[in-house]
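Visitor: Top to bottom, those sequences are chains A and B. Quick note on my numbering: the first sequence kicks off at 68 and runs consecutively. Quick note on my numbering: the second sequence kicks off at -13 and runs consecutively. A virtual CB, placed ideally from N, CA and C, is assigned to each residue, including glycine. Being a predicted model, the structure only gives us computed values, none of them experimental. This structure is in structure tokens; I'll ask about it shortly.
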Amino acid sequence: MKELITSLANRYGVRDWKDLKAGQAACFVDSGRLRDCLRWLRDEAGYAHLSFATAIDQLERGVFTLTYALRNHERGHSLLVHSEIDRTRPVVDSIHRLWAQAWTYQREMKEWYGIDFPGSPRVDEEFVLEGWQGPPMMRRDFDSLAYSDATYAERPGRASSDPAEHMKRELYPEEQA
Amino acid sequence: MSDKHSIPGPLANEGLPLAERGLFCDAPPRQYQRANKITEAFWNWARAQSLWILGFGTGCGAIELRPLMTSRFDMYRYGIQPRPTPRQSSVFVIGGYASVKTLKRIVRSYEQMMGPKFVVALGSCTINGGMYWDSYNTIKRIDQYIPVDVYIAGCMPRPEALLAGFQELKRIIRAGRGEGQNEYARKFEWYKANQKQVIKDWNMPDYNW
Ligand code: SF4
Chain A
68 MKELITSLAN RYGVRDWKDL KAGQAACFVD SGRLRDCLRW LRDEAGYAHL SFATAIDQLE
128 RGVFTLTYAL RNHERGHSLL VHSEIDRTRP VVDSIHRLWA QAWTYQREMK EWYGIDFPGS
188 PRVDEEFVLE GWQGPPMMRR DFDSLAYSDA TYAERPGRAS SDPAEHMKRE LYPEEQA
Chain B
-13 MSDKHSIPGP LANEGLPLAE RGLFCDAPPR QYQRANKITE AFWNWARAQS LWILGFGTGC
47 GAIELRPLMT SRFDMYRYGI QPRPTPRQSS VFVIGGYASV KTLKRIVRSY EQMMGPKFVV
107 ALGSCTINGG MYWDSYNTIK RIDQYIPVDV YIAGCMPRPE ALLAGFQELK RIIRAGRGEG
167 QNEYARKFEW YKANQKQVIK DWNMPDYNW
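Below, the structure written as structure tokens:
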């Protein structure tokens, strides 16, 4: 494992290696070197399997964290490769030529977060939404409640109550007095 | 059931490409013409005895139909059974929350059902949004988009509640108060406007018959 960490650091400037638990680690790489790094991991280091790819909106820091989960089946080891991109310019290299299935994840990230992967097949098509015209809805600055209130008709008279308080009132009315 | 018999104008079907518009029906739905009192009463009795529900599970509620179908609660003894296509069904069970994507299929299926048709809506999601009250993609009350005859409250309602709901529906039908289909025809433009307001990519005929 030591060698892997050093060669990743030397070749691609990979840093912040962290063993999360037995058989799982995480590391960080700059987005510009992400694709090369993943290619090397796949071809030279045995991390041949892409389990999933996803994004995390770090609104406070103004970045999206991309996460690629790779697995080395021979060694029984998983590696989470993180990378960050600017929230205002969310473009990153597509890896659909490394793992063909990646285009699905990329299409998902395009629709949900507005992260673009130029060249990825069908990346601009709708993924789970249909006829959606609002902003990417998984971005944390998207106000779901406001959108829902403005878009969908509501039945008047809806009220909410704190479950604990409500059950106390219902079950032990004598204690309330 | 009908009061006035007017023939509304043809539908524009603007969601369809020009070349396809001629292929689809452009007539809006019409109200049901009642037969004479005795015949109608007999028909209503017969309708209430054979509720055929559309096998289209929307939302979590579809899961609750399974125990209803199987031996423990056995809805067949009440003349209720699922059918595979809208054309063969008379009852549409909206099984809970409806996303906009599902709503599109709900509208389509509802319009394809033969009259007289009835809608049972289960779960708080269909009534006031339930726990999807702040969802960006889920409607908050189904009766804005299709008419509803019976609501069954709960999250999820138990099979017993569903059976009670179906008995209520039978009473409504026998009393000749199952007016959903006529209401849909009467307020067709209102329903359409509501549907189109949320279904932004309207690419089907205005009336899917
Ligand atoms: S009412 Fe509850 S069970 Fe029914 S669809 Fe909504 S969340 Fe699901």
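1. Over the uninterrupted beta strand (DSSP E) stretch that includes LYS173 of chain B, give me the two end residues.
2. Could you tell me if the beta carbon of SER110 of chain B falls within a distance shorter than 7 angstroms of some heavy atom in the ligand SF4?
3. Taking the alpha carbon of THR218 of chain A as the point to measure from, which residue in B:LEU148, B:ILE138, B:LEU149 and B:SER85 has its own alpha carbon closest?
4. Would you verify that the beta carbon of GLN173 of chain A is, or is not, closer than 8 angstroms to some beta carbon of chain B?
5. Determine the chain B residues that contact ALA220 of chain A at a beta-carbon separation under 8 angstroms, and present them in chain order.
6. Consider the C-beta atom of GLY45 of chain B and the heavy atoms of the ligand SF4; say whether any pair is separated by less than 7 angstroms.
7. Tell me, to the nearest whole angstrom, how far the beta carbon of ALA66 of chain A is from that of ILE182 of chain A; I am working on the premise that it is less than 8 angstroms.
8. Does any heavy atom of the ligand SF4 sit closer than 7 angstroms to the C-beta of CYS141 of chain B?
9. With a threshold of 8 angstroms, are at least 3 pairs of Cβ atoms found where one atom belongs to the stretch 201 to 219 of chain A and the other to the stretch 114 to 133 of chain B?
10. Please name the residue in A:ARG189, A:GLY99 and A:GLU178 whose C-alpha comes closest to that of GLU151 of chain A.
11. Rounded to the nearest angstrom, what separates ARG69 of chain B and SER75 of chain B at their Cα positions?
12. In three-state terms, what does DSSP make of THR112 of chain B?
13. Any heavy atom of the ligand SF4 within a distance shorter than 7 angstroms of the CB on GLY166 of chain B?
14. Pick helix, strand or coil for GLN17 of chain B, following the three-state DSSP scheme.
15. Do the CB positions of GLU221 of chain A and LYS156 of chain B come within less than 8 angstroms of each other?
16. Is GLU26 of chain B helix, strand or coil when you go by DSSP?
17. Run through the DSSP bridge pairs and tell me what TRP179 of chain A is partnered with.
Guide: Looking at the coordinates:
1. For LYS173 of chain B, there is no enclosing beta strand (DSSP E), as DSSP marks it with neither H nor E.
2. SER110 of chain B Cβ: within cutoff of the ligand SF4.
3. Considering only alpha carbons, the answer is B:SER85.
4. Not a single CB atom of chain B sits nearer than 8 angstroms to the CB of GLN173 of chain A.
5. Those within 8 angstroms of ALA220 of chain A in chain B are ILE125, LYS126, ARG127, GLN130 and ASN180.
6. Under cutoff, so the answer is yes.
7. For chain A, the structure presents residues 68 to 244; residue 66 of chain A sits outside this window and is missing.
8. Correct: CYS141 of chain B has its Cβ closer than 7 angstroms to the ligand SF4.
9. Remark: three or more beta-carbon pairs, one from each stretch, lie closer than 8 angstroms, so the stretch 201 to 219 of chain A and the stretch 114 to 133 of chain B are flagged as touching.
10. Ranked by Cα distance from GLU151 of chain A, the options A:ARG189, A:GLY99 and A:GLU178 are led by A:GLY99.
11. One Cα belongs to ARG69 of chain B, the other to SER75 of chain B, and the distance between them is close to 6 angstroms.
12. In this structure, THR112 of chain B counts as helix in the three-state DSSP scheme.
13. The answer is no for GLY166 of chain B.
14. Secondary structure of GLN17 of chain B (DSSP, three-state): coil.
15. No, the Cβ-Cβ distance between GLU221 of chain A and LYS156 of chain B is not below 8 angstroms.
16. The three-state reading of DSSP puts GLU26 of chain B in helix, counting H, G and I together.
17. In DSSP, TRP179 of chain A forms no bridge with anything.
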